[in-house]
């Protein structure tokens, strides 16, 4: 089973029509079983993104409601959300000193880095970091993560 770490910038593409959305949906929601991992932060970040789109008129009230239903279902049956622990937050602070990241992005990178170390220790293949933010993806590459950007995916 493949392990994917989903950053918020990529995760929103599962619910909103953006560049790379179809590719990401096929990858994560297709027939092959995958583990989709993220930080607990994903819940708040995506809810914020959906609410902002609703306020700005990019999502109708009914589309917003349906998106929230779908996302809530995924919180229970798709995502494996990792808690924000003290060691994880300490790692995020170290990453902020190394890379020009926002705080939330540092939490995602720290989570992915620590999970990748756990997979390696268990003798499992590395996880793939899915992010749609160039700065975050560059930092992930620098930290040794396999990285894919849905924005750069082939059209489908």
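Residue numbers (our numbering): 99 to 254.
Where is the CB? At the ideal position from N, CA and C, for every residue including glycine.
Coarse secondary structure for residue i, derived from DSSP in three states
i: residue 137; result: strand
i: residue 192; result: helix
i: residue 183; result: coil
i: residue 200; result: coil
i: residue 110; result: helix
i: residue 228; result: strand
i: residue 170; result: helix
i: residue 117; result: coil
i: residue 81; result: With the chain covering only 99 through 254, there is no way to say anything about residue 81.
i: residue 104; result: strand
i: residue 243; result: coil
Integer Cβ distance of residue i from residue j, believed to fall under 8 Å
i: residue 109; j: residue 140; result: 6 Å
i: residue 179; j: residue 211; result: That belief does not hold up - the Cβ atoms of residue 179 and residue 211 are roughly 16 Å apart, past 8 Å.
i: residue 122; j: residue 111; result: 5 Å
i: residue 104; j: residue 228; result: 5 Å
i: residue 251; j: residue 245; result: Not quite, the Cβ-Cβ distance comes to about 12 Å (not below 8 Å), so this is no contact.
8 Å Cβ shell around residue i - same chain, five flanking residues per side excluded
i: residue 113; result: 144, 148, 165, 168 and 169
i: residue 130; result: 100
i: residue 217; result: 101, 223, 224 and 225
i: residue 194; result: 201 and 204
i: residue 233; result: 197, 198, 199 and 203
i: residue 132; result: 99, 100, 101, 102, 125 and 126
Burial state of residue i (16 or more Cβ within 10 Å)
i: residue 230; result: buried
i: residue 106; result: buried
i: residue 209; result: buried
i: residue 196; result: exposed
i: residue 258; result: Outside the displayed span of the chain (99 to 254) sits residue 258, for which this structure offers no information.
i: residue 183; result: exposed
i: residue 173; result: exposed
Same chain, Cβ closer than 7 Å to residue i, five either side skipped, listed in chain order
i: residue 146; result: none
i: residue 176; result: 134
Contacting residues, own chain, Cβ-Cβ under 6 Å from residue i (five flanking each side not counted)
i: residue 190; result: 204, 205 and 208
i: residue 152; result: 162
i: residue 241; result: 211
i: residue 181; result: 138
Handout entry: Sufficient close CB pairs (3 or more, under 8 Å) joining the stretch 148–164 to the stretch 117–128
Key = Contact check between the stretch 148–164 and the stretch 117–128: fewer than three CB pairs, one atom from each, fall below 8 Å, which does not count as touching.
Problem - the stretch 201–211 / the stretch 132–139 touching (three or more Cβ pairs under 8 Å) - result: At 8 Å Cβ cutoff, the stretches touch.
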